[in-house]
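Here the structure is laid out as structure tokens; the discussion comes afterwards.
2 protein chains.
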Amino acid sequence: MIERRQTRPVMVGGVAVGGGAAITVQSMTNTDTRDAAATLAQIARLAEAGCEIVRVAIPHADALASFGAICSESPLPVVADIHFDHRLAIEATRLGAAKLRINPGNIGSTDRVDAVIEAAGEAGIPVRIGVNAGSLAAEYEDRDWPLAEKLVASAVSFCEHISARGFEDLVVSAKASSVNATVDAYRKLALSVPYPLHIGVTEAGTSLSGTVKSSVGLGILLAEGVGDTLRVSLTADPAEEVTVAWEILAALDIRRRGPELVSCPTCGRCEVDMVPIAQEVERRLRLMRTPVKVAVMGCAVNGPGEARDADVGIASGKGVGLLFRKGEVIRKVPEAEIVEALMAEVEALDREITDAE
Amino acid sequence: MIERRQTRPVMVGGVAVGGGAAITVQSMTNTDTRDAAATLAQIARLAEAGCEIVRVAIPHADALASFGAICSESPLPVVADIHFDHRLAIEATRLGAAKLRINPGNIGSTDRVDAVIEAAGEAGIPVRIGVNAGSLAAEYEDRDWPLAEKLVASAVSFCEHISARGFEDLVVSAKASSVNATVDAYRKLALSVPYPLHIGVTEAGTSLSGTVKSSVGLGILLAEGVGDTLRVSLTADPAEEVTVAWEILAALDIRRRGPELVSCPTCGRCEVDMVPIAQEVERRLRLMRTPVKVAVMGCAVNGPGEARDADVGIASGKGVGLLFRKGEVIRKVPEAEIVEALMAEVEALDREITDAE
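The listed protein sequences derive, respectively, from chains A and B. So for the first sequence, numbering that gives the first Met the number 0 puts the first residue at 0; every next one is plus one. So for the second sequence, numbering that gives the first Met the number 0 puts the first residue at 0; every next one is plus one.
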């Protein structure tokens with residue numbers, strides 16, 4: 000339904016980004032990169048949560064040896080995130096990085112950039128030009144322009160320089176902590192460069208406000224067909240970022256990882272204790288991977304309609320629930336048995352779908 | 000920055016909806032309406048969280064007496080939510096309801112609708128025509144149309160009937176549990192009726208998925224200037240709905256209730272324990288009402304830039320934080336004192352702003 004912007008694809012390890020490939024979910028480790036075991040353990044958890052590309056910072060040269068070990072053993076392609084010291088980026092290309100991320104604002108002079116690009120070209124890996132409102136190059140920061148225009152001008156000028164040297168395996172990002180500035184910047188970028196866009200609202204905040212800002216900003220962009228890979232930034236466990244990213248993709252029916260749960264907010268009309276029922280169903284659904292649609296509804300107003308529309312649904316009345324499967328009422332179950340009865344049907348459907356694959 | 004669609008305003012008690020009025024936040028009680036004390040206690044909590052209009056279901060006639068008591072004592076205007084039995088709606092207009100919400104799908108025959116509208120007219124209160132995918136009238140449900148078109152056709156036909164009888168104090172909603180269908184429906188509604196729109200994604204799910212679906216769907220609409228009042232539906236404590244609604248409005252810089260927190264996701268570069276610091280700052284900021292911007296940043300890449308851009312900010316280094324106020328570095332503080340030092344500055348600023356008002 001959403002018409003995606005056409006971009007020039009790149010490969011990040013075995014994962015395609017852009018050119019019509021599935022929109023991928025990224026995150027970034029927040030362990031000490033020098034601790035390869037801790038970083039690999041976090042990458043394993045991120046992969047389990049649905050992360051498809053992982054970024055790892057190389058703050059100093061003492062993280063390089065560990066970075067190499069991480070690249071060798073990571074189940075996900077690893078992006079090296081480098082600021083300030085371009086030599087770390089060059090080293091990273093030789094240690095198994097699947098992609099580099101550099102920032103025009105702090106990578107330094109043109110010949111340093113050129114040396115990084117040359118190393119990426121030799122390694123055959125793409126480079127993300129990642130501009131950030133918090134670290135704009137001084138020549139842009141000082142202009143009296145709207146933030147979005149400064150971000151885009153910085154990114155585009157960097158891309159043009161690199162493209163003129165014959166390197167085209169680029170991905171671009173331009174993030175701000177303001178949703179409006181971020182959306183504006185990406186809309187302009189989408190019209191200005193042919194490269195895939197890595198979208199994200201940066202420094203979005205803690206779980207709640209970061210989830211809302213990311214959902215609003217990335218939701219607007221994705222609905223307009225802008226964005227080839229996304230990263231949700233939360234001041235929280237990075238696995239939460241992955242869960243939220245998937246929820247955003249699912250909300251727009253772009254990609255879905257596992258079941259969908261439709262559940263009502265309950266009101267004065269509800270005659271069963273719905274919230275714990277919905278929470279328990281949600282918890283159990285998280286363990287499944289088939290895209291079944293499940294409805295948990297509290298009353299007779301919208302309950303039968305939504306329950307009928309789902310693959311498996313329950314519409315509750317006074318202390319009981321009507322169990323639906325594929326639009327048909329199967330039976331009436333007492334309140335205490337709603338979760339088990341619903342999940343038995345969902346699991347049966349899950350097995351049917353899994354067996355058919 | 001966002002150009003809002005022009006609508007014909009209505010008054011819900013003392014709260015204007017539409018016609019350029021501030022976009023208001025609604026929620027709905029999920030207590031038993033027959034229990035006036037419990038319902039009023041929940042309304043007080045919702046008001047404290049920032050709710051501006053509250054909806055209360057009247058499922059049966061035995062809730063009417065209590066509904067009257069709730070209307071008399073509620074600090075917020077109360078909307079009566081009625082399905083199936085139009086006589087309850089008529090009674091509600093006489094008991095102090097500030098607005099009615101009825102659903103074309105289940106209010107019944109035209110003469111019943113007309114009786115409700117006549118009563119609302121006598122009471123001088125507006126009526127929301129609230130169409131819902133889970134309870135479409137059969138004549139629309141059975142059509143082979145996209146869901147959004149069925150929702151809009153049902154709402155528009157109802158509005159036209161009521162308007163033809165000279166009643167124009169309408170608010171309209173058309174909700175689905177699908178974000179895409181909801182967005183489509185409201186875009187079409189915005190072109191089809193002159194009335195304020197109450198926007199929401201219905202049966203959006205539990206806290207996480209409901210927050211994401213509501214943020215994506217309502218974010219897209221609000222960014223397009225569509226929506227005069229909003230309700231986030233979560234299978235959770237209704238006070239959470241209010242918090243999320245405000246976060247959505249704040250994300251787009253439409254309205255803000257209290258401070259904004261910019262905080263980074265941390266990475267391998269971070270040398271202080273940022274997540275608990277950011278969480279504690281967020282917790283304390285929730286108690287304030289002035290719209291100060293606070294940044295809690297973990298490293299030297301984007302830290303100084305974001306901290307400088309905030310009213311008060313901290314950019315952390317190894318075991319220390321640089322404290323900024325209004326773009327200037329004030330001093331360096333040890334990690335253990337970051338929260339107190341930052342909050343002392345924020346609270347001083349809060350007092351200055353409050354005193355100046």
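All C-beta atoms in this analysis are idealised placements derived from N, C-alpha and C, irrespective of residue type, glycine included.
Problem - Inter-stretch contact (C-beta, 8 Å, three-pair minimum) for the stretch 229 to 249 of chain B and the stretch 18 to 38 of chain A - result: No: fewer than three Cβ pairs fall under 8 Å.
Problem - Under the three-state DSSP convention, the category B/D80 falls into - result: Taking the second sequence and counting its residues from 1, the one referred to as residue 80 of chain B is at position 81. In the structure shown, B/D80 sits in a strand (DSSP, three-state: E or B).
Exercise for the section: Please confirm whether B/L260 and B/A244 have their CB atoms less than 8 Å apart. Expected result: Residue 260 of chain B sits at position 261 when you count from the first residue of the second sequence. Residue 244 of chain B sits at position 245 when you count from the first residue of the second sequence. Not a contact, by the Cβ cut-off of 8 Å.
Exercise for the section: For B/I161, count neighbouring Cβ atoms within 10 angstroms of its own Cβ and tell me buried if that reaches 16, exposed if not. Expected result: Here the question's residue 161 of chain B lines up with position 162 in the second sequence. Looking at its Cβ environment, which holds 16 or more other Cβ atoms inside 10 Å, B/I161 is buried.
Problem - Test: A/C70 CB closer than 8 Å to a CB of chain B - result: Here residue 70 of chain A refers to the residue found at position 71 when the first sequence is read from its first residue. Not an interface residue.
Exercise for the section: Check the Cβ of A/K212 against every Cβ in chain B and list those closer than 7 Å, keeping chain order. Expected result: The count along the first sequence starts at 1 and reaches residue 212 of chain A at position 213. Those within 7 Å of A/K212 in chain B are A250.
Handout entry: Selection of the stretch 271 to 287 of chain A by Cβ proximity to chain B, strictly under 7 Å
Key = Among the residues of the stretch 271 to 287 of chain A, those with a Cβ less than 7 Å away from any Cβ of chain B are M273, V274, A277, Q278 and E281, in the order of the chain.
Exercise for the section: Give the single residue among B/L248, B/S153 and B/G224 whose Cα lies nearest to the Cα of B/G257. Expected result: Taking the second sequence and counting its residues from 1, one reaches residue 257 of chain B at position 258. Distances from the CA of B/G257 to each of B/L248, B/S153 and B/G224 were compared; the closest alpha carbon is that of B/L248.
Exercise for the section: Note down, in chain order, each residue of its chain lying with its Cβ closer than 7 Å to the Cβ of B/N102, except the 5 sequence neighbours on either side. Expected result: Residue mapping note: residue 102 of chain B aligns to position 103 of the second sequence, counting from 1. Cβ neighbours of B/N102 beyond the five flanking positions: H82, G129, V130, N131 and S134.
Problem - Pairwise C-alpha distance: B/P290 and B/R254 - result: For the purposes of this step, residue 254 of chain B is taken as residue 255 along the second sequence, with counting starting at 1. For the purposes of this step, residue 290 of chain B is taken as residue 291 along the second sequence, with counting starting at 1. Cα to Cα, the separation comes out at about 10 Å.
Exercise for the section: Pull up the distance between the alpha-carbon of B/A97 and that of A/E279, whole angstroms please. Expected result: On the second sequence, residue 97 of chain B is found 98 positions in, with the first residue counted as 1. On the first sequence, residue 279 of chain A is found 280 positions in, with the first residue counted as 1. When only Cα atoms are considered, B/A97 and A/E279 end up about 37 Å apart.
Exercise for the section: Could you check what DSSP says for B/M342 in three-state terms: helix, strand or coil? Expected result: The sequence position of residue 342 of chain B within the second sequence is 343, counting from 1. Residue state, collapsed to three classes: helix.
Handout entry: Every unbroken alpha helix (DSSP H) within the stretch 250 to 334 of chain A, with a cutoff of 4 residues, ordered by chain
Key = Taking only runs of at least 4 residues, the alpha helix (DSSP H) segments lying wholly in the stretch 250 to 334 of chain A are 273 to 284 and 302 to 308.
Practice task
Could you check which residue in B/A62, B/E72 and B/V170 has the C-alpha nearest to that of B/R100?
Solution key: In the second sequence, residue 100 of chain B corresponds to position 101, counting from 1. Comparing Cα-Cα distances from B/R100 to each of B/A62, B/E72 and B/V170, the minimum goes to B/V170.
Exercise for the section: Any chance you could list the beta strand (DSSP E) runs of at least 3 consecutive residues sitting entirely within the stretch 29 to 76 of chain A, in chain order? Expected result: Fully enclosed beta strand (DSSP E) runs of 3 or longer: 52 to 56.
Problem - Any non-hydrogen atom of the ligand ATP within 7 Å of A/A343 CB - result: Absent from the structure shown: the ligand ATP. Ligands present: none.
Exercise for the section: Note down, one range per segment and in chain order, each alpha helix (DSSP H) of at least 4 residues found wholly within the stretch 116 to 200 of chain A. Expected result: Counting whole runs of 4 or more residues, the stretch 116 to 200 of chain A contains the alpha helix (DSSP H) stretches 137 to 140, 146 to 163 and 178 to 191.
Exercise for the section: Pick out whichever of A/A175, A/I337, A/L188 and A/P125 has its Cα sitting closest to the Cα of A/A152. Expected result: Locating residue 152 of chain A in the first sequence gives position 153, where the first residue counts as 1. Comparing Cα-Cα distances from A/A152 to each of A/A175, A/I337, A/L188 and A/P125, the minimum goes to A/L188.
Exercise for the section: Apply the 10 Å Cβ neighbour rule to A/E351 and answer buried if 16 or more other Cβ atoms are within range, or exposed otherwise. Expected result: Reading the first sequence from its first residue, position 352 is the one you call residue 351 of chain A. By the 10 Å Cβ count, A/E351 comes out exposed.
Practice task
Check the Cβ of A/T247 against every Cβ in chain B and list those closer than 8 Å, keeping chain order.
Solution key: Locating residue 247 of chain A in the first sequence gives position 248, counting from the first residue. Going by the sequence as given, residue 247 of chain A is Ile instead of Thr. For A/I247, the neighbours in chain B by C-beta distance under 8 Å run, in chain order, V211 and V215.
Handout entry: Contacts of A/R3 in chain B (Cβ-Cβ under 7 Å)
Key = Here residue 3 of chain A corresponds to residue number 4 of the first sequence, with the count starting at 1. Going along chain B, no residue has its Cβ under 7 Å from A/R3, so there is no contact; the nearest lies around 15 Å.
Problem - Local conformation of A/S214 per DSSP, three classes - result: The residue labelled residue 214 of chain A in the question sits at position 215 within the first sequence. In the structure shown, the three-state DSSP call for A/S214 is helix.
Handout entry: Residue closest to B/T210, alpha-carbon to alpha-carbon, out of B/G226, B/T181, B/E240 and B/A68
Key = Indexing the second sequence from 1 puts residue 210 of chain B at position 211. Residue B/E240 is the option with its Cα nearest to B/T210.
Practice task
Quick one: list the residues of chain B neighbouring A/A132, beta-carbon separation under 9 Å, in chain order.
Solution key: Here residue 132 of chain A corresponds to residue number 133 of the first sequence, with the count starting at 1. Listed along chain B are N301, G304, E305 and D308, each with a C-beta nearer than 9 Å to that of A/A132.
Problem - Buried versus exposed call for A/A312 [16 or more other C-beta atoms within 10 Å across all chains shown] - result: The residue given as residue 312 of chain A occupies position 313 in the first sequence. It is worth fixing the name first, because residue 312 of chain A is Gly in this sequence and not Ala. A/G312 comes out buried.
Practice task
May I ask which residues mark the beginning and end of the beta strand (DSSP E) holding A/A15?
Solution key: Start at 1 with the first residue of the first sequence, and residue 15 of chain A comes out as number 16. V14 to V16 is the span of the beta strand (DSSP E), which, as asked, contains A/A15.
Practice task
Pull out every residue of the stretch 186 to 213 of chain B whose Cβ sits closer than 9 Å to any Cβ of chain A, in chain order.
Solution key: Per Cβ criterion, the list reads V200, T201, E202, A203, G204, T205, S206, L207, S208, G209, T210, V211, K212 and S213.
Handout entry: Spatially closest choice to B/S176 from B/V231, B/E223 and B/G224, by CA coordinates
Key = Sequence index remark: in the second sequence, residue 176 of chain B carries index 177 (1-based). Per the C-alpha coordinates, the member of B/V231, B/E223 and B/G224 positioned closest to B/S176 is B/V231.
Exercise for the section: Could you please give the first and the last residue of the uninterrupted alpha helix (DSSP H) stretch that includes A/R93? Expected result: Sequence index remark: in the first sequence, residue 93 of chain A carries index 94 (1-based). Per DSSP, A/R93 belongs to the alpha helix (DSSP H) from H85 to R93.
Practice task
Could you work out which residues of chain A lie near B/G218, taking near to mean beta carbons separated by less than 7 Å?
Solution key: As a first step, residue 218 of chain B must be located in the second sequence, where it is residue number 219. Within chain A, the residues near B/G218 are S214, V215, G218 and I219.
Handout entry: Chain-order list of residues whose beta-carbon lies under 6 Å from that of B/G226 (same chain, five-residue window excluded)
Key = Walking along the second sequence from the start, residue 226 of chain B turns up at place 227. Excluding its 5 nearest sequence neighbours in each direction, B/G226 has C-beta neighbours in its own chain below 6 Å: L196, I198 and L220, listed in chain order.
Exercise for the section: Would you please verify whether the beta carbon of B/D80 is less than 8 Å from any beta carbon of chain A? Expected result: Within the second sequence, numbered from 1, the residue matching residue 80 of chain B stands at position 81. It does; some Cβ of chain A falls within 8 Å.
Practice task
Could you tell me whether the Cβ of A/S362 comes closer than 8 Å to any Cβ of chain B?
Solution key: Residue 362 of chain A falls outside the range modelled here, since chain A spans only 0 to 356, and no answer is possible.
Problem - Local conformation of A/S26 per DSSP, three classes - result: Walking along the first sequence from the start, residue 26 of chain A turns up at place 27. In the three-state reduction of the DSSP assignment, A/S26 falls in the strand class, which pools E and B.
Practice task
Compute the Euclidean distance between the alpha carbons of B/R283 and B/R111, then round it to the nearest angstrom.
Solution key: The sequence position of residue 283 of chain B within the second sequence is 284, counting from 1. The sequence position of residue 111 of chain B within the second sequence is 112, counting from 1. Using only the alpha carbons, I get a separation of about 51 Å.
Handout entry: B/T6, enclosing beta strand (DSSP E) - first and last residue
Key = Here residue 6 of chain B refers to the residue found at position 7 of the second sequence. First-last for B/T6: undefined, no H or E at that position.
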